[in-house]
Amino acid sequence: MATEEIKELPKSWAMVGGDGPQSYSQNSAYQKGVVDASKEKVTEGIKDKLDFKSLGFDSSNDTFRIADFGCSVGPNTFFAVENIIEAVEQKYQAQFQKSPPLELEFQVFFNDVTTNDFNTLFKTLHSNRKYFAAGLPGTFYGRLLPKSTLHFAYSSYCLQWLSKVPKEVVDSKSPAWNKGSIQCDGLKKEVTKAYSAQFQSDMNTFLNARAQEIVGGGLMVIIMAGLPDGIFMSQAGVGMYYELLGSCLVDMAKLGEISEEKVDSFNLPLYYSSSTEIEEIIKENGNFSIEIMDSLSHQIWKTSKKSNIEVSVSGGRAVFQGLVEEHFGSEVVEKTFEHFAKKLVDNFSIFDGAAHEHIDHFILLKRHFN
């Protein structure tokens with residue numbers, strides 16, 4: 004089968020599987036909030052921008068195909084898919100009020116890296132679901148489906164994750180060596196340039212792959228974490244959060260529990276982009292029109308300080324445990340996150356003084372007709 008080159012992600016980049024107390028399934032409340040916050044925009048976007056006639060729906064075509072790229076494990080992907088299907092059904096009935104060609108059927112592809120816990124994911128599929136489900140293993144930074152398979156693509160909280168850490172930031176001989184930090188904090192121009200270039204390359208790879216898989220006139224929703232224009236990670240609460248994690252590793256190196264060289268070579272494969280940067284990449288790519296570009300209003304932090312600390316600790320471990328284990332070894336995982344939990348408790352007030360919050364980009368794209 005002919006496919007573009009696929010850059011498979013390292014094994015550890017899947018979220019923590021299972022349904023135990025440290026699993027992503029049990030610790031993805033923030034991501035669930037993103038799904039909830041986006042529901043109205045998804046519904047309105049489908050209502051205003053989806054056209055069944057231009058998609059070729061008639062008496063011989065009654066299957067609507069959806070894919071969630073980066074579904075992970077847990078119920079959030081199911082909530083998102085159900086929101087999409089509900090909106091598509093409403094639009095179908097509205098567009099064919101007098102005589103719908105046929106009753107719509109739905110096929111949904113759930114995609115994530117090969118080490119994602121698909122077993123747990125599919126064990127929790129709803130028995131009364133309105134769709135036929137299929138797993139789609141592999142990195143979304145490459146082709147995964149035949150041409151013109153999909154009518155709707157969805158990706159939530161995935162594309163801030165890069166396909167790899169830029170090699171320059173872990174090279175001690177490079178001007179972009181990021182010694183002393185585990186993130187792109189925006190304070191060193193060369194580091195930011197390296198991360199930005201990797202993000203641009205990855206986004207183009209993603210858009211080109213999806214352009215092959217989505218039919219002309221098909222839609223794609225992208226939700227990703229980002230920053231307001233002109234704001235650095237070091238100025239945002241999320242950057243402070245990652246800095247605390249990095250300081251735990253530095254402390255452990257000083258105690259001789261891990262090597263300083265290991266810490267210097269550890270960087271998070273995360274890049275929080277601005278809306279201007281994303282817009283430029285999409286327009287230059289040329290495969291999609293931007294129908295909606297907005298940000299989401301998220302309610303999760305409007306809760307008690309204690310619950311915020313708990314979410315920060317448990318959610319951070321569910322996301323980052325695999326990366327820490329891959330780089331430093333399984334024997335330091337418990338100590339790392341115990342130390343991180345204590346640091347968050349002792350320093351949580353710093354987030355009150357954060358100059359800025361990160362934003363959640365909401366983007367609705369339409370595939371150009373060839």
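Using my numbering, the first residue of the sequence shown is number 4, and each one after it goes up by one. Heads up, the beta-carbon is just placed ideally off N, CA and C, and yes, glycines get one too.
Distances from the CA of F372 to each of Q34, S276, D54 were compared; the closest alpha carbon is that of D54. Annotation: the continuous alpha helix (DSSP H) that includes F340 extends over 336 to 350. H371 sits in coil when the DSSP states are folded into three classes, being neither helix nor strand. For N79, the secondary structure class from DSSP, reduced to helix, strand or coil, is helix.
For T123, the enclosing alpha helix (DSSP H) begins and ends at 121 to 126. For N86, the closest alpha carbon among the candidates S57, D39, E280, Q98 is that of D39.
Bounds of any alpha helix (DSSP H) do not take in S298; it lies within the beta strand (DSSP E) bounded by 291 to 298. Taking 8 Å as the cut-off, the beta carbon of G229 is found no closer than this to the beta carbon of S184. With contacts defined by Cβ atoms closer than 8 Å, D188 and M236 form a contacting pair. Bounds of the beta strand (DSSP E) holding V224 are 217 to 229.
V224 and K257 have their C-alpha atoms roughly 45 Å apart. Under the DSSP assignment, Y274 falls outside any beta strand (DSSP E); it carries neither an H nor an E label.
Secondary structure note for S63: it is in no alpha helix (DSSP H), with a DSSP letter that is neither H nor E. CA-to-CA, the gap between F60 and E89 works out to about 18 Å. In this structure, F109 sits away from K35, with a CB-CB distance that is not shorter than 8 Å. Taking the CA atoms as reference points, S292 sits about 22 Å from Y275. Looking at the DSSP output, H359 sits in a beta bridge with A239. Taken through DSSP and simplified to helix, strand or coil, Q93 comes out as helix.
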